[in-house]
Amino acid sequence: KDAMMEAADAGIKLIVCITEGVPTLDVVEAYSYIRRKGANLIGPNCPGLISPGKSLVGIMPTMIFSEGSTGVISRSGTLTYEVVYNLTAKGMGQSTAVGVGGDPVVGLYYRELLEMFENDPETDSIALIGEIGGDAEERAAEYIRDHVTKPVAVFIAGQQAPPGKQMGHAGAIISSGSGTAAEKIAAFEAVGVPVAKEPSQIPDLLKRSR
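Each step along the sequence shown adds one to the number in my numbering, with nothing skipped, and position 154 is 135.
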């Protein structure tokens, strides 16, 4: 918490926290402070972000990335890498890839990043990787419907997850019958966004949407 707040005090405008296990209330306090300072936070518990050929802030494996025009947003680090590997293999380089983090409370999330990619002249399509828990994906679907004109393809992890069991991330838990993969998939399909059954299908879905 202190490191994030000190970075904001130092005038850093984009703060990336890859650390796992930061207490939720500490993140709430730090993020509120960071925003008051006019800065943005990515993470915590994230792999960071990369613009291939330009900049890496975090721990992403650079060898699987290639320069291009597909933006990537993901709650899962390893699924980011799987999707990016498949994009690169299909000749679809990436403009920027962002791992938002898997905790219940994080900084920049789908809606803010979708807006950034929509306004980014170097991005012409977007791959979004979600997972069970919360309603961020459902809200992202609404935002895409109302504000995003570029092609988007989605993969939702945790389609076989049982209710009440945490799956990998602290944020990946289905509670009170909500936050299921089926609900999230239905939300995207309702607004015309194609949903992949496997991460490897993302490149072809994006190509067909262009």
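Beta carbons are placed, not taken as given, at the ideal position from N, Cα and C, and that holds for glycine.
These figures come from a predicted structure and were not determined experimentally.
Does DSSP put residue i in a helix, a strand or coil?
| i | result |
| --- | --- |
| S181 | helix |
| V87 | coil |
| I(-4) | strand |
| V38 | strand |
| I15 | helix |
| N21 | strand |
| V133 | strand |
| I110 | strand |
| G2 | coil |
| V176 | strand |
| D7 | helix |
| A151 | Low confidence applies to A151: its pLDDT is 47, below 50, so where it sits in the model is not reliable enough to give any reading. |
Does the distance from the C-beta atom of residue i to that of residue j stay below 8 Å?
| i | j | result |
| --- | --- | --- |
| T77 | S106 | no |
| R56 | G83 | yes |
| L95 | A121 | yes |
| F136 | A177 | yes |
| K71 | E118 | no |
| I23 | L89 | yes |
| V79 | V8 | no |
| A162 | I113 | yes |
| A20 | K(-18) | no |
| V174 | I110 | no |
Considering residue i, what are the terminal residues of the beta strand (DSSP E) in which it resides?
| i | result |
| --- | --- |
| T51 | E48 to S55 |
| A78 | Q75 to G80 |
| G29 | G29 to S32 |
Going by other Cβ atoms of all chains shown within 10 Å of its Cβ, with 16 needed for buried, is residue i buried or exposed?
| i | result |
| --- | --- |
| L30 | buried |
| D127 | exposed |
| M(-15) | buried |
| V133 | buried |
| N26 | buried |
| M41 | buried |
| G160 | buried |
| T61 | buried |
| L68 | buried |
| P180 | buried |
| A(-9) | exposed |
| A153 | Reliability of the predicted coordinates at A153 is poor, the pLDDT of 49 falling under 50, and no value is obtained from them. |
What do you reckon, is the C-beta of residue i under 7 Å from a heavy atom of the ligand GTP?
| i | result |
| --- | --- |
| I183 | Absence of the ligand GTP from the depicted structure is noted, as is the absence of any ligand whatsoever, leaving it without description. |
Can you give me the start and stop residues for the alpha helix (DSSP H) that residue i sits inside?
| i | result |
| --- | --- |
| G139 | First-last for G139: undefined, no H or E at that position. |
| A162 | A162 to A171 |
| A121 | A117 to H128 |
| M(-15) | D(-17) to D(-10) |
| N67 | G58 to A70 |
* Asked: Does the region 46 to 64 come within contact of the region 102 to 117, defined as at least 3 CB pairs closer than 8 Å?
  -> yes
* Given 8 Å, three or more beta-carbon pairs between the region -6 to 1 and the region 14 to 30 -> yes
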